[in-house]
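Numbering (our numbering), first residue to last: 91 to 245.
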């Protein structure tokens, strides 16, 4: 399977290939039309942000590493439209996903969060919770980072 990476306004055709039976992400290659990937539900574009998934699950550290290896980061919704785009992946694969919010009220870059969608009673901060996940209803939960969740990257 493949994801599109790069400047969507220029319709760049640089893609990142992921072998279906491999856990390794491959180097960028040139490949098929990004429209096909949209039809397959593997990429979403909202505003200037492109989001992609391979449909595979990993713990937070592995997801973060995989996203970084393709020039991105773990997806971080900063609006209702972006949250809904991530939700399409979560529903398609029927899997929760980690979000790039290592702190309860901060983004990966340390800036304060301008958008959140916490489930009632969250963030609870119980135990060793330091990751945010999105449930299949689009609401967020604060949890430990060691469980496998759908990997969704923003590029």
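Positions of the beta carbon are idealized from the N, C-alpha and C atoms, including for glycine.
Per the coordinates, the alpha-carbon of residue 206 lies some 13 Å from the alpha-carbon of residue 176. Spatial neighbours of residue 145 in its own chain (CB-CB distance under 6 Å, excluding positions within 5 residues in sequence) are listed in chain order as 183. Within the same chain, Cβ atoms closer than 6 Å to the Cβ of residue 179 are found at 143, 242, the five residues on either side in sequence being excluded. Less than 7 Å separates the beta-carbon of residue 188 from that of residue 164. Residue 202 counts as exposed, since fewer than 16 other C-beta atoms from the protein chains shown sit within 10 angstroms of its C-beta. In this chain, the alpha helix (DSSP H) harbouring residue 172 covers 170–183.
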